[in-house]
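Heads up: the structure comes next, in structure tokens.
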Amino acid sequence: MVNELTIVRPDDWHLHLRDEDFLPFTVNETAKSFARAIIMPNLVPPITNLIDARNYKQRIMKVLKTNLSFNPLMTLYLTEETNPREVKEGFVTGQISAIKLYPAGATTNSQSGVRNFEKIKPVLEVMAEIGCPLCIHGEVTDSSIDIFDRERVFINTVLEKIRTDHPTLKIVMEHITTKEAVDYVSSGNENLAATVTTHHLSINRNDLLSGGIRPHFYCLPVVKREVHRLALLEAVVSGSSKFFLGTDSAPHLDHDKESSCGCAGCFTATNTLEILAHIFEEQKALNKLELFTSINGAKFYGKNINTDKIKIVKKNKPTSFPEKISTPLGEITVFKPNFETKWQVQI
Ligand code: DOR
Ligand code: ZN
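Note that the working numbering has the sequence shown beginning at 176, numbered continuously upward.
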């Protein structure tokens, strides 16, 4: 039985750090075990230009503990006004690593996102030319579409068209949640990939809704039926280079989640690797964990694979994690699936 794993230090290809009072906690929680992360730009107001991205990166680096190293890979929030020249300058100089597309109204702080997809064509053309990846929140926002169908409908009505119009554009379909998305990404060319979150691999919609509503399992896209979770599992343990970890760790204060209109997001930065080790072991695929957490994403983004390693060991009792992280603004609950893990990252 394997009870110790040494893998290339992981990267998180989709992460929310928020800002100001949250940063000392969110940044260091991730930097403990991750080398790099794609930093989501959905702040209020969003990060839409290079000056704001530079300042945000400085705020992130300022709170990083001196014994840790971490490289935040910045992104810009795509709006209908985004300037293609600014995107080009940011990408070729390494100031940004991707652009994030939120359909307006799809999720937290997405109001400034895209309504008319025709308007972003010039930006997408430039991105395709320079190899800048587009990270997509893949859900339609039409209120007449059932929330459990919004990812599937997005693939057919929006994503397929973007890919036809821009066949050389690198696209990451973020936090996929359905078998349809797995099949779509698997059958696409090498310019199409997907991130998968820890929570979508851990829970289904029964966990969210059966026997009581559990706000800390609420995220967007919302978790789906078990058959979809199993499809995600199959995809990530296959070792396919098209699937890699993007935790979408998305902290909200407890009082904002435990509310009559609770915010979407699961905070998984604290225990992601331990949970994943458990899941991959159960699938008899521990030997594929490194591809998912540390190799596939770097290759898709055209980045070097990290040179240092981390060790994850299996103990003979369940690993305990803090139930909550305290910030000056209030508490944030750490994601806790309905199973325990005996794995633990050795810091
Ligand atoms: O659950 C989510 N939380 N999904 C998103 O797309 C956004 C994120 C957030 O920023 O809170
Ligand atoms: Zn996200």
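Virtual Cβ for every residue (Gly too), placed ideally from N, Cα, C.
To the nearest angstrom, report how far apart residue i and residue j are at their CA atoms.
i, j, result
"G363", "R229", "34 Å"
"T494", "D196", "28 Å"
"S318", "S244", "43 Å"
"T181", "R193", "30 Å"
"N381", "T353", "15 Å"
"Y393", "A439", "5 Å"
"E326", "A281", "11 Å"
"F323", "G421", "21 Å"
"T223", "E261", "10 Å"
"V267", "I305", "8 Å"
"L151", "I320", "Residue 151 cannot be examined here, being either before or after the span of the chain that is shown, 176 to 522."
"L190", "E409", "23 Å"
"V202", "D358", "34 Å"
"P297", "I226", "21 Å"
"K486", "M215", "27 Å"
"H312", "I337", "13 Å"
"N246", "W188", "12 Å"
"S424", "T205", "9 Å"
"E256", "F292", "12 Å"
"K484", "R184", "5 Å"
"I351", "F514", "22 Å"
"S285", "L253", "10 Å"
"I470", "K478", "10 Å"
"F442", "V509", "5 Å"
"P278", "N481", "33 Å"
"Y231", "T283", "18 Å"
"I330", "K432", "29 Å"
"L404", "Q233", "One detail in the question is off: residue 404 reads as Arg in this sequence, not Leu. C-alpha separation (whole angstroms): 37 Å."
From the DSSP output, in three-state form, read off residue i for me.
i, result
"D382", "helix"
"P220", "coil"
"R404", "helix"
"G414", "coil"
"P278", "strand"
"E506", "strand"
"A444", "coil"
"T494", "coil"
"A368", "strand"
"H322", "As written in the sequence, residue 322 is Ile, which differs from the His given in the question. Helix at I322."
"F419", "strand"
"Y393", "coil"
"Y252", "strand"
"E179", "strand"
"A452", "helix"
"N144", "Residue 144 is absent from the model: the chain starts at 176 and stops at 522."
"K484", "strand"
"I271", "coil"
"N479", "coil"
For ligand 1, is there a heavy atom less than 8 Å away from the beta-carbon of residue i?
i, result
"C394", "yes"
"A281", "yes"
"A460", "no"
"H341", "no"
"H391", "no"
"N284", "yes"
Check whether the Cβ of residue i sits closer than 8 Å to any heavy atom of ligand 2, and report yes or no.
i, result
"N217", "yes"
"D423", "yes"
"H375", "no"
"H427", "no"
"E527", "Only positions 176 to 522 of the chain appear in the structure, and residue 527 is not among them; the question remains open."
Only counting runs of 3 or more residues, tell me where the beta strand (DSSP E) segments fall wholly within the region 182 to 236, in order along the chain. Runs of the beta strand (DSSP E) lying entirely within the region 182 to 236 and spanning at least 3 residues, in chain order: 186 to 190 and 211 to 214.
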